[in-house]
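Under numbering that gives the first Met the number 0, the first residue of the sequence shown carries the number 0, and numbering increases by one thereafter.
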Amino acid sequence: MPCSLEVERVSIQYAGDGRTTLAIEDVSFSVQQGEKFIILGPSGCGKSTLLKAIAGFVPVSQGAIRLDGQPLRQPGPDRVVVFQEFDQLLPWKTVLDNVVYPLQVTGQARSRGEARERAARFVDLVGLDEFKDAYPHTLSGGMKQRAAIARSLALEPRILLMDEPFASLDALTRSHMQHELNAIWRHTGVTILFVTHSIEEAVVLGTNILVMSPRPGRVRQLLVNEAAEQPVDSPPYVAMQHTIRGLLETTPP
Ligand code: ADP
Ligand code: MG
């Protein structure tokens, strides 16, 4: 399979107020096309920093990030981000128009008709067809996240970046959204890079799981998820959780 995203020996340092914070140190990994790649680690280990660097919002201090061999230096519609917050939608636009808008401003659709047709397809895919004319303030948190996912997918990015998008949802909705995301991924084949601090979420979602160590974030281990698509109480699922817990609770040798 062709290599899609390469993160090579990346360190990221924040500077300000006379202090510097080393958020990420010497992190390397690659994500192949079609993977659901999870970055898992405790709060503050630099997961969001890494995602923002891949999105082009934060510069790397050392190392390089490449997409299909090309160095990444700025944001682009080939890498779209879905965040944790529920306020990612434009409140004065309907669900459908929230999806149409970026298709028009990025020039991805040649006409308003084409943009609306493509937007409607993705709104339907995330199960919001009945709510396409609703305004964001009338939607639940889970529905807002569905709309944000539809908007991102409609841009047909090379890689979908997700920063704890389900972390503010109640437990039932969260579990439901995880299974919906798996279904969307099977349907579209989109490459996903998903950040979480939840072991359960990582094992339910990931084809690959990069376990990070606490601040400054370093790679602890890269795991191929043997439990992907398995029931949540199956032996491989339980074993994978156990392995990850062991990695997160011990310091590297
Ligand atoms: P995570 O997403 O894993 O919780 P973050 O990437 O948000 O971690 O943060 C990693 C470290 O970098 C933390 O110590 C945080 O305080 C620091 N940090 C994050 N953003 C900034 C910033 N804009 N300026 C200075 N320090 C920051
Ligand atoms: Mg974060």
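Built from N, CA and C at the ideal position, the CB exists for glycine as well. The structure displayed is predicted, hence computed values, not measured ones.
Can you give me the C-alpha to C-alpha distance between L154 and L95, rounded to a whole angstrom? Taking the first residue of the sequence shown as 1, we reach residue 154 at position 155. Taking the first residue of the sequence shown as 1, we reach residue 95 at position 96. Rounded to the nearest angstrom, the two C-alpha atoms are 14 Å apart.
Which residue's Cα is closest to the Cα of F258: V223, P213, L192? Because the chain is modelled from 0 through 252, residue 258 falls outside the range shown and cannot be assessed.
Is it right to say L171 is buried, meaning 16 or more other beta carbons lie within 10 angstroms of its own, or is it exposed? The residue you call residue 171 lines up with position 172 of the sequence shown. When all chains shown are included, L171 counts as exposed.
State yes or no: is the C-beta of A22 within less than 7 Å of the C-beta of T48? Residue 22 sits at position 23 when you count from the first residue of the sequence shown. Residue 48 sits at position 49 when you count from the first residue of the sequence shown. Yes.
Fully enclosed by the region 42 to 69, which alpha helix (DSSP H) runs are 4 residues long or longer? 46 to 54
Cut-off 6 Å between Cβ atoms - residues of its own chain near V99, not counting five sequence neighbours on either side: Along the sequence shown, one-based indexing puts residue 99 at 100. The answer, listed in chain order, is A114, R115, A118.
Any chance the CB of S47 is under 6 Å from a heavy atom of the ligand MG? In the sequence shown, residue 47 corresponds to position 48, counting from 1. Checking every heavy atom of the ligand MG against the Cβ of S47, one is found closer than 6 Å.
Going by the beta-carbon positions, is the gap between T254 and D132 smaller than 7 Å? The structure shown does not extend to residue 254, since the chain spans only 0 to 252, so no value can be given for it.
How far does the alpha helix (DSSP H) with R145 in it extend, from its first residue to its last? For the purposes of this step, residue 145 is identified with residue 146 of the sequence shown, where counting begins at 1. Where R145 is concerned, the enclosing alpha helix (DSSP H) stretches over 140 to 153.
The beta strand (DSSP E) with V98 in it runs from where to where? As a position in the sequence shown, residue 98 is number 99, starting the count at 1. Where V98 is concerned, there is no enclosing beta strand (DSSP E), although the alpha helix (DSSP H) it sits in stretches over 94 to 104.
Is the region 77 to 89 touching the region 143 to 150, taking contact as three or more C-beta pairs under 8 Å? yes
Does the beta carbon of A118 fall short of 6 Å from some heavy atom of the ligand ADP? Looking up residue 118 in the sequence shown gives position 119. Not under cutoff, so the answer is no.
Considering only heavy atoms of the ligand ADP, does any lie closer than 6 Å to the CB of G17? Here the question's residue 17 lines up with position 18 in the sequence shown. For the ligand ADP, not one heavy atom lies less than 6 Å from the Cβ of G17.
Backbone secondary structure at M0 - three-state DSSP: Numbered from its first residue, the sequence shown carries residue 0 at position 1. Legend: pLDDT at M0 = 47, less than 50; position of this residue unreliable, no value from coordinates given.
Do V9 and V57 have their CB atoms nearer than 7 Å? On the sequence shown, residue 9 is found 10 positions in, with the first residue counted as 1. On the sequence shown, residue 57 is found 58 positions in, with the first residue counted as 1. Against a cut-off of 7 Å, the Cβ pair of V57 and V9 comes out as no contact.
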